[in-house]
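Engineer: Take a look at this one; I'll ask things after.
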Amino acid sequence: MLAEFGVTMIGATADAIDKAEDRRRFDVAMKKIGLDTARSGIAHTMEEALAVAADVGYPCIIRPSFTMGGTGGGIAYNREEFEEICARGLDLSPTNELLIDESLIGWKEYEMEVVRDKNDNCIIVCSIENFDAMGIHTGDSITVAPAQTLTDKEYQIMRNASMAVLREIGVETGGSNVQFAVNPKNGRLIVIEMNPRVSRSSALASKATGFPIAKVAAKLAVGYTLDELMNDITGGRTPASFEPSIDYVVTKIPRFNFEKFAGSNDRLTTQMKSVGEVMAIGRTQQESLQKALRGLEVGAAGFDPKVSLDDPEALTKIRRELKDAGAERIWYIADAFRAGCLSMASLT
């Protein structure tokens, strides 16, 4: 249709979008530049999906191609769950294609917001760290910017990898979001996916840093370069080619509204379920998180207790909520500390 009407795509071309969204092409592209991806397989039918599952094993992660927000995807712990998720995913994917990954549950998740111009100048606008480990959609995860637990060496590795991903995928100009997973036990780094567009994370990065990613991306698409554009947040004293540097912490907490959807499953998975989010800024992580909890407007002044420790079932409920995360997991973590179920030593 684009060719029929003489429409030319600028910034991210149709081929670049297809290369990023098509799971098979993306996997090949990452291996070409020496980046690791999750062990996986592609399926277009239930029979093919079961064959991949036999190789990958359970639990496994199912992700339909060309869907947003993790729609149709999920985590399968057995064959029954696997067939249910695959049937839904095949129906929702416009190409009837599924990517079935090895389980990365428990791995740390990071995101890099990258901007590139026509002269191959690249900058990292912001690094984002997910509070929740892999297994929960990044849109449902509490996130913090900039990343808090990366060493400088680890950050530089991700920075260079992000730029390499943009170049290989073929995003000529504009912003993109690159997501990584890190095994906390051995440090193995893999690329989860790349979004060749302005995303929810891009909006967070823009608000967190003051760098107008969408505005800059639009100007880069029509031929400007990063050094030709001035950064509005500094009053035009520095060019957009300067990477933002912030001396504060930004926390995003998603807002859920399960009570309005009778019968919905309130457990968090790889499929996004939040209906909104709040963002807070503080000089420290503690201040930023506390402000965000108040900003949710759910009647909490902060880490208010969810269970009474006098209740004989308190520990059972806390452990259940920590094992199978829901919208109120952050408060149950606080309850776990109060009850003595968790200690700082057990978390480090």
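With full-length UniProt numbering applied, the sequence shown corresponds to residues 1 to 348, in that order. Glycine residues also receive a C-beta, built at the ideal position from the N, C-alpha and C atoms. None of the values given here were measured: they were computed from a predicted structure.
(1) With contact counted as at least three CB pairs below 8 Å, one residue from each stretch, are the region 89–106 and the region 32–46 in contact?
(2) Can you tell me whether residue 72 is helix, strand or coil according to DSSP?
(3) Is there contact here, the region 9–20 with the region 69–87, by at least three beta-carbon pairs under 8 Å?
(4) For residue 122, which residues does DSSP report across the bridge?
(5) On the DSSP bridge assignment, give the partners of residue 350 in chain order.
(6) Expressed to the nearest angstrom, what Euclidean distance is found between the alpha-carbon atoms of residue 94 and residue 66?
(7) From the DSSP output, in three-state form, read off residue 86 for me.
(8) Between which two residues does the beta strand (DSSP E) carrying residue 131 extend?
(9) Taking residue 250 as the reference, give the member of 201, 116 and 236 with the closest Cα.
(10) I'd like to check one pair, residue 254 with residue 274: are the Cβ atoms closer than 8 Å?
(11) Under a Cβ-count criterion, where at least 16 other Cβ atoms within 10 Å of its own Cβ denotes burial, should residue 348 be classed as buried or exposed?
(12) Among the residues of its own chain, which have a CB less than 8 Å from the CB of residue 314, if the five just before and after it don't count?
(13) When you compare the CB of residue 24 with every CB in chain D, is at least one pair closer than 8 Å?
(14) Any chance the CB of residue 236 is under 7 Å from a heavy atom of the ligand ZN?
(15) Given residue 212, which residues of its chain have a CB within under 7 Å of its CB, disregarding the five upstream and five downstream residues?
(16) Look at the alpha carbon of residue 166 and the alpha carbon of residue 25, and state the distance between them as a whole number of angstroms.
(17) Can you have a look at residue 14 and say buried or exposed, based on whether 16 or more other CB atoms are within 10 angstroms of its CB?
(18) Could you work out which residue in 82, 209 and 262 is closest to residue 128 when comparing CA atoms only?
(19) Please name the residue in 215, 221 and 222 whose C-alpha comes closest to that of residue 230.
(20) When burial is assigned at 16 or more other CB atoms within 10 Å of the CB, is residue 299 buried or exposed?
(21) If distances are taken between C-alpha atoms only, which option among 80, 35, 185 and 103 comes closest to residue 55?
(22) Evaluate residue 87 with the Cβ neighbour count: other Cβ atoms within 10 Å of its Cβ, from every protein chain shown; 16 or more gives buried, anything less gives exposed.
(23) Within the continuous beta strand (DSSP E) that includes residue 180, where are the two ends?
(24) Going by other Cβ atoms of all chains shown within 10 Å of its Cβ, with 16 needed for buried, is residue 302 buried or exposed?
(25) DSSP state of residue 162, grouped into three classes?
(26) Would a C-beta distance cut-off of 8 Å place residue 181 and residue 83 closer than the cut-off?
(27) Please name the residue, chosen from 192, 237 and 21, that lies closest to residue 170 on a Cα-to-Cα basis.
Structural biologist: Judging by the given coordinates:
(1) yes
(2) coil
(3) no
(4) 116
(5) In the structure as shown, the chain starts at 1 and stops at 348, and residue 350 therefore has no counterpart that could be examined.
(6) 7 Å
(7) helix
(8) Careful: residue 131 lies outside any beta strand (DSSP E) and carries neither H nor E.
(9) 201
(10) yes
(11) Because residue 348 carries a pLDDT of 46, less than 50, the predicted location of this residue cannot be relied on, and the following value inherits that uncertainty. Its Cβ having fewer than 16 others within 10 Å, residue 348 is exposed.
(12) 307, 308, 335 and 339
(13) In summary, chain D is missing from the structure at hand, where a single protein chain is found.
(14) The model depicted lacks the ligand ZN and carries no ligand whatsoever.
(15) 206 and 232
(16) 14 Å
(17) exposed
(18) 209
(19) 215
(20) exposed
(21) 103
(22) exposed
(23) 174–182
(24) exposed
(25) helix
(26) no
(27) 21
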